Ligand code: GDG
């Protein structure tokens, strides 16, 4: 197997300053890292990315903290203004909301585009410095869609692959993007483009068709082929998975079992419902809280019989919109608890912080129902992690029909429209009432899918698809 070079905006390690010449290095959280880290740890290679601080990167602390990572870590530095315009700006105020169909949240500030291109040049140069001819170069996610364009300009003929972790929007939404032509052209400089779901592939191909790039599309059963500027680009869907065994074994451990038991005994006679998300408006947290409130209003049998545990992991808190969004969640939680709580029952348990791994797994194990309702999501790993940790083979998954995971889990998850608060409220009741036999039958089937199509299966199928074209070089 060729050497693997993973390139993503963030490294799996976050560097932080705690005073003059004092640094901490902590593992970064988030879906991309959860999925890709175990793979590099297992097979080795190189990870190129930004450690999360603006300005010069102190080499020593990062090198020391990553010495035993199992792979080489190559940091890319960003200045403060690059962080603001490339990361907070183009990536998170333009592409992120637009690709989640939330165009009203976009800030199409023209200056952001130049910063996006400039920083993509920085990453491309880092790749060019590290890569050898036979390496498998795998670029990840929406921050780095312009990298292949730069590498081709630098004369690279290397095989370049790209995976998009977030959804790709339909043409009607994509066409709002001022740089639609440039971005699609840049993406078509890769040799392999991977998306999470069939829906994303369909949307991408539709955009290539409608934006009129003079590209020819040859539909195929597995990988679609696009001819563009005398090159052939393969496009396919590769639903990302999780390290199933690691979650299952973790959930079985004594420390997790004890924590789960403790959680359960804190709420006797109640079914526990779990929500767990990064702080992000795409995750549908306010809609979920409103649905929970509606469920308590419409279905009194749920009162004092259910508890919603909502974990919100702080993320992008420097962006004002995220700040306002947190205030909104705080108010909704306060409102529900103020309205319904009794002397012995608090309906919403709310944690605004990242939990350590054991506590997260204990929540997966202890909660009877997972309530995962993003407005749109590339995949949503929390849904899969929940299934992997249900070692007693029970538990109900209520899942947004707009999460990528719904494509794989739809026969057995209870699918909901996250914009339909009343339907979600009714679904909470149906989940609450679901018999043990039905819960078990559904969870068994979901666990089978999540186990079979795990993160190593995902990487293998992507690398296999890549190997087919890499041979030509
Ligand atoms: C992007 C796409 C796609 C959550 N709470 C805690 C914690 N987490 C971990 C979970 C999970 C990860 O964060 C979140 O992953 P998601 O997939 O749900 O969401 P994004 O971060 O938005 O990821 C997404 C993913 O990329 C992969 O392609 O599925 O659609 O948006 O792994 O376990 N981790 C810790 N404490 C917590 O409290 N330690």
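Numbering (my numbering), first residue to last: 1 to 473.
We put the beta carbon where it would ideally sit given N, CA and C, even for glycine.
From a predicted model like this one, the values you see are computed outputs, not experimental measurements.
Handout entry: DSSP three-state assignment for residue 131, whether helix, strand or coil
Key = As a working note, residue 131 is residue 131 in the chain shown. Looking at residue 131 - three-state DSSP - the assignment turns out to be coil, as it is neither helix nor strand.
Practice task
Could you please give me the residues that DSSP links to residue 377 through a beta bridge?
Solution key: The residue you call residue 377 lines up with position 377 of the chain shown. According to DSSP, which records beta bridges pairwise, residue 377 is partnered with 403.
Problem - Closer than 8 Å to chain C by CB, residue 396 - result: This model lacks chain C altogether; it includes just one protein chain.
Handout entry: DSSP-derived helix/strand/coil call for residue 46
Key = Position 46 of the chain shown, counting from 1, holds the residue named residue 46. Strand.
Practice task
Examine the Cβ distances between the region 214-228 and the region 169-181 and report whether three or more of them are shorter than 8 Å.
Solution key: no
Practice task
With DSSP as the reference, label residue 227 as helix, strand or coil.
Solution key: For the purposes of this step, residue 227 is identified with residue 227 of the chain shown, where counting begins at 1. In the structure shown, residue 227 sits in a strand (DSSP, three-state: E or B).
Practice task
Any chance you could list the beta strand (DSSP E) runs of at least 3 consecutive residues sitting entirely within the region 173-214, in chain order?
Solution key: 192-195
Handout entry: residue 166 beta carbon less than 8 Å from that of residue 237
Key = Numbered from 1 along the chain shown, position 237 holds the residue referred to as residue 237. Numbered from 1 along the chain shown, position 166 holds the residue referred to as residue 166. No, the pair does not count as a contact, with Cβ atoms beyond the cut-off.
Practice task
Less than 8 Å between the CB atoms is what I'm expecting for residue 95 and residue 7, so what's the real figure, rounded?
Solution key: Within the chain shown, residue 95 is the residue found at index 95, counting from 1. Within the chain shown, residue 7 is the residue found at index 7, counting from 1. Residue 95 to residue 7, Cβ: 17 Å. No contact.
Handout entry: Rounded separation between residue 52 and residue 456 - CA only
Key = Here residue 52 corresponds to residue number 52 of the chain shown, with the count starting at 1. Here residue 456 corresponds to residue number 456 of the chain shown, with the count starting at 1. Distance from the CA of residue 52 to the CA of residue 456, rounded to the nearest whole angstrom, comes to 27 Å.
Handout entry: Given 8 Å, three or more beta-carbon pairs between the region 302-311 and the region 340-353
Key = yes
Practice task
Quick one: residues in its chain with C-beta nearer than 7 Å to the C-beta of residue 27, no 5 flanking neighbours on either side, listed in chain order?
Solution key: Indexing the chain shown from 1 puts residue 27 at position 27. 12 and 13, listed in sequence order.
Practice task
Would you check if the distance between the CB atom of residue 391 and the CB atom of residue 416 is smaller than 8 Å?
Solution key: Counting from 1 along the chain shown, the entry for residue 391 is found at position 391. Counting from 1 along the chain shown, the entry for residue 416 is found at position 416. Taking 8 Å as the Cβ cut-off, residue 391 and residue 416 do not qualify as a contacting pair.
Practice task
Quick one: using the 10 Å Cβ neighbour count with 16 as the cut-off for buried, is residue 189 buried or exposed?
Solution key: Looking up residue 189 in the chain shown gives position 189. Buried.
Practice task
Please state whether DSSP places residue 473 in a helix, a strand or coil.
Solution key: Here residue 473 refers to the residue found at position 473 of the chain shown. With a pLDDT of 42 at residue 473, under the threshold of 50, the predicted position of this residue should be treated as unreliable, though the coordinate-derived value follows. Three-state result, residue 473: coil.
Exercise for the section: Just the C-alpha distance for residue 129 and residue 89, rounded to the nearest angstrom, thanks. Expected result: As a working note, residue 129 is residue 129 in the chain shown. As a working note, residue 89 is residue 89 in the chain shown. Approximately 27 Å, taken between the alpha carbons.
Problem - Cut-off 7 Å between Cβ atoms - residues of its own chain near residue 472, not counting five sequence neighbours on either side - result: If you number the chain shown from 1, residue 472 lands on position 472. With a pLDDT of 48 at residue 472, under the threshold of 50, the predicted position of this residue should be treated as unreliable, and no value is reported.
Exercise for the section: Inspect the beta-carbon positions of residue 389 and residue 365 and report whether they are closer than 8 Å. Expected result: Here residue 389 corresponds to residue number 389 of the chain shown, with the count starting at 1. Here residue 365 corresponds to residue number 365 of the chain shown, with the count starting at 1. Yes. Within cutoff.
Exercise for the section: Starting from the Cα of residue 146, find the closest Cα among 161, 133, 136 and 280 and give me that residue. Expected result: Reading the chain shown from its first residue, position 146 is the one you call residue 146. Residue 161 is the option with its Cα nearest to residue 146.
Practice task
Please state whether DSSP places residue 75 in a helix, a strand or coil.
Solution key: Here residue 75 is taken as the residue at index 75 of the chain shown, counted from 1. DSSP places residue 75 in strand when its eight states are reduced to three.
Exercise for the section: Go ahead and label residue 269 buried or exposed: buried means 16 or more other beta carbons lie within 10 angstroms of its beta carbon, across all protein chains shown. Expected result: The sequence position of residue 269 within the chain shown is 269, counting from 1. Exposed: under 16 other Cβ atoms inside 10 Å.
Problem - Neighbour-count burial assignment, residue 164, 16 or more Cβ in a 10 Å radius - result: In the chain shown, residue 164 corresponds to position 164, counting from 1. Residue 164 is buried by the Cβ-count criterion.
Problem - Cβ pair residue 256, residue 355 closer than 8 Å - result: Your numbering for residue 256 matches position 256 in the chain shown. Your numbering for residue 355 matches position 355 in the chain shown. No.
Handout entry: Beta-carbon proximity list for residue 200, same chain, < 6 Å, skipping 5 on both sides
Key = Indexing the chain shown from 1 puts residue 200 at position 200. Only 167 and 168 meet the Cβ criterion.
Handout entry: Endpoints, the beta strand (DSSP E) within which residue 275 is located
Key = Numbered from its first residue, the chain shown carries residue 275 at position 275. Start and end: 271-278.
Handout entry: Cα-Cα separation, residue 465 to residue 192
Key = Residue 465 sits at position 465 when you count from the first residue of the chain shown. Residue 192 sits at position 192 when you count from the first residue of the chain shown. Whole-angstrom Cα-Cα distance: 8 Å.
Handout entry: Contact the region 439-447 vs the region 405-422: 3+ CB pairs below 8 Å
Key = These segments touch.
Practice task
Under the assumption that residue 47 contacts residue 73 (Cβ atoms under 8 Å), give the Cβ distance between them as a whole number of angstroms.
Solution key: Numbered from its first residue, the chain shown carries residue 47 at position 47. Numbered from its first residue, the chain shown carries residue 73 at position 73. Contact holds; Cβ gap of about 6 Å.
Practice task
Look at the Cβ atom of residue 284, then the Cβ atom of residue 374, and state whether they are nearer than 8 Å.
Solution key: Within the chain shown, the letter at position 284 stands for residue 284. Within the chain shown, the letter at position 374 stands for residue 374. If you check the CB distance, residue 284 and residue 374 come in under 8 Å.
Handout entry: Any non-hydrogen atom of the ligand GDG within 7 Å of residue 145 CB
Key = Indexing the chain shown from 1 puts residue 145 at position 145. No, the Cβ of residue 145 stays beyond 7 Å of every heavy atom of the ligand GDG.
Practice task
Could you have a look at residue 419 and say whether DSSP puts it in helix, strand or coil?
Solution key: As a position in the chain shown, residue 419 is number 419, starting the count at 1. In the three-state reduction of the DSSP assignment, residue 419 falls in the coil class, being assigned neither a helical nor a strand state.
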